[in-house]
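In what follows, a single structure is set out as structure tokens and then discussed.
In full-length UniProt numbering, the protein residues as written are 1 to 604.
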């Protein structure tokens with residue numbers, strides 16, 4: 001039932017209902033633990049990076065299962081998407097202590113290149129560098145270069161005095177905590193501390209502190225509003241910096257930062273003629289609804305000895321007489337084999353494709369395509385070889401699209417018994433006293449759903465009309481963050497729907513994430529462009545959200561998630577954005593000519 005994951009990853013279900021990707025508010029309210037977890041992610045990363053990973057299990061044990069799962073999902077995605085950006089200082093920046101673009105390889109470098117005798121020292125608490133920079137005043141020179149996609153390059157030169165101060169600070173801090181053989185703790189002279197830890201290790205930490213302090217100071221000096229994490233412009237720059245570091249010399253390096261983009265409207269967004277598909281009301285939907293209601297109360301009984309399997313329509317319709325379907329369920333044993341090019345049976349399929357006492361519902365469209373038709377008319381004890389093709393979205397990756405042959409043994413048959421469609425059945429539904437009244441309620445419900453669907457189609461058509469009316473360069477940071485949030489949210493959804501942990505664990509891979517990001521990228525960028533154009537229209541037309549509406553929505557959210565911890569500031573921002581979108585779309589409906597057209601038949 002969860003096989004549609006791969007369709008989502010491959011992009012066949014990326015576009016949400018109404019033509020717009022799910023709002024961040026929807027994701028937030030379905031995962032209200034985000035407020036708490038965004039503070040835990042850096043803590044867990046710090047524990048792992050500092051060698052205290054053994055503290056992670058107790059931390060996870062203190063959380064609810066859903067919180068622990070989401071935390072691990074976000075943690076994995078952070079590692080996937082940040083790659084060379086993750087470090088102790090970078091983790092600190094997540095918690096709001098500082099902004100530092102140092103790479104994970106820097107941490108690995110200065111950890112692995114320590115002097116050989118470091119391994120012999122007794123375990124001690126990891127060295128902690130200063131968290132929040134006490135001041136952003138530094139002796140540095142900054143040159144700024146504008147780049148495409150709302151990105152800037154900063155060429156930063158840190159003075160020799162600053163570099164020397166950072167180097168001596170690292171030695172001083174290590175000297176206070178180091179256990180150097182032959183000296184009391186904290187009493188070893190600087191040269192012995194240098195010999196004990198190794199120059200490479202101290203140089204690496206000095207470079208880390210220099211860059212970690214210089215980047216936010218440079219951003220402040222140039223009044224740049226950066227989003228996301230800064231990155232080194234050259235992947236090899238850190239290694240060269242460490243190799244060439246000298247306490248009395250300047251340090252020069254370049255970083256890339258994304259900035260919040262400037263947006264501007266172009267073209268008319270009023271007085272347009274917009275075509276949107278109208279969702280029709282179909283009487284067949286009433287029959288299908290009645291059929292599903294009766295199926296929910298159905299039960300099975302063993303068939304008679306002479307009963308044969310029979311293929312039935314998927315819907316019972318609204319037939320009063322059909323209360324029994326003989327041979328409607330086949331109990332079978334299945335053994336699967338790969339199908340050779342000549343049509344013969346090949347290697348046996350994995351155990352996942354083999355089953356005993358499998359109940360096959362004999363309805364068109366059930367099980368594999370053409371399977372139920374192949375065993376139509378068979379009786380208990382009969383055997384057959386049935387060719388099948390696994391769907392391309394099958395939950396087992398190695399079976400997707402595979403042609404196979406199943407050896408089928410009919411173990412037994414069952415009849416399905418359904419409640420009669422009469423007034424007694426209707427009275428089981430609240431406020432219904434007859435079949436006529438029940439059908440009326442179903443029609444009203446379907447009519448309401450049709451109107452809602454038509455409204456979504458209008459919103460989609462409006463968004464299609466305005467998406468290209470904005471000049472804006474979408475920074476990669478925004479694309480990354482939205483994709484990461486959606487992917488983690490999708491994994492949480494599957495967890496909530498009952499998918500087992502092993503299946504979900506197998507899906508949370510860098511390959512799956514990269515594939516999902518690639519296939520969903522166009523829709524992600526489109527969603528961001530729509531957000532910007534809606535914001536600009538609201539600004540142009542003076543459309544504002546009433547604070548009382550925001551607080552009313554917040555009250556609903558707080559009540560719904562009263563036992564959970566949410567980030568109220570973030571939630572309020574999402575609520576405001578969602579309400580603004582609704583108001584702008586309403587404005588566009590009232591100021592454009594909306595023409596409803598018949599719904600096009602979807603191609604099979």
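For every residue, glycine included, the Cβ atom is placed at its ideal position computed from N, Cα and C.
Fair warning: this is a prediction, and the values are worked out from it, not measured in the lab.
- Residue state for residue 163 is assigned as helix, using DSSP reduced to three classes.
- Straight-line measurement puts the Cα of residue 518 at about 11 Å from the Cα of residue 480.
- Around the beta carbon of residue 279, 16 or more other beta carbons lie within 10 angstroms, which makes this residue buried.
- Going by DSSP, residue 484 is part of the alpha helix (DSSP H) stretching over 476-496.
- Only exposed fits residue 509, as fewer than 16 other CB atoms lie within 10 angstroms of its CB.
- The secondary-structure analysis by DSSP pairs residue 383 across a beta bridge with 409.
- Within the same chain, 157 come within 6 Å of residue 252 by CB-CB distance, once the 5 residues on both sides are set aside.
- Non-local C-beta neighbours of residue 294 in its own chain, meaning closer than 7 Å and more than five positions away in sequence, comprise 316, 418, 419, 421, ordered along the chain.
- Between the alpha carbons of residue 470 and residue 149 lies a gap of roughly 14 Å.
- For secondary structure counted as the alpha helix (DSSP H) over 4 or more consecutive residues, the stretch 413-453 holds these complete runs in sequence order: 423-426.
- Taking C-beta atoms as the reference points, residue 482 and residue 524 count as a pair closer than 7 Å.
- Scanning its chain for C-beta atoms nearer than 8 Å, with the 5 sequence neighbours on each side dropped, one finds around residue 528 the residues 474, 478, 479, 482, in chain order.
- Here the alpha carbon of residue 281 sits roughly 51 Å from the alpha carbon of residue 229.
- For residue 296, there is no enclosing beta strand (DSSP E); the enclosing alpha helix (DSSP H) has its first and last residue at 283-296.
- Counting the other CB atoms within 10 Å of its CB gives residue 553 a total of 16 or more, which places it among the buried residues.
- When DSSP states are grouped into helix, strand and coil, residue 148 belongs to the coil group.
- Within its own chain, the residues whose Cβ lies closer than 6 Å to the Cβ of residue 166, once the five positions on either side in sequence are excluded, are 206, 209, 210, listed in chain order.
- When the beta-carbon positions are compared, residue 372 and residue 408 stay at least 7 Å from each other.
- In the structure shown, the three-state DSSP call for residue 239 is helix.
- Counting along the chain, residue 224 sits inside no alpha helix (DSSP H), nor does DSSP assign it H or E at all.
- The secondary-structure analysis by DSSP pairs residue 273 across a beta bridge with 593.
- For a cut-off of 8 Å, the C-beta gap from residue 584 to residue 538 is around 5 Å, short enough to register as a contact.
- Contact check for residue 466 against residue 396 fails: the beta carbons are separated by 7 Å or more.
- Per DSSP, the unbroken beta strand (DSSP E) holding residue 347 starts and ends at 345-348.
- Here the alpha carbon of residue 426 sits roughly 17 Å from the alpha carbon of residue 446.
- The three-state reading of DSSP puts residue 356 in strand, counting E and B together.
- Apart from the 5 residues on each side of it in sequence, residue 363 sits with its Cβ closer than 6 Å to the Cβ of 312, 314 in its chain, given in chain order.
- DSSP lists 154, 232 as the bridge partner or partners of residue 255.
- Bounds of the beta strand (DSSP E) holding residue 335 are 324-339.
- Among the bridge pairs identified by DSSP, residue 389 is matched with 403.
- Taking the CA atoms as reference points, residue 246 sits about 12 Å from residue 159.
- Excluding residues up to 5 positions away in sequence, 242, 245 lie with their Cβ nearer than 7 Å to the Cβ of residue 203 in the same chain.
- Looking at the backbone, the Cα of residue 462 and that of residue 582 are separated by about 12 Å.
- Of 324, 375, 336, the smallest CA-CA separation from residue 330 is found for 375.
- With respect to the 7 Å criterion, residue 263 and residue 565 are not classified as neighbours on the basis of their beta carbons.
- Distance between residue 154 and residue 162, taken at the CA atoms: about 18 Å.
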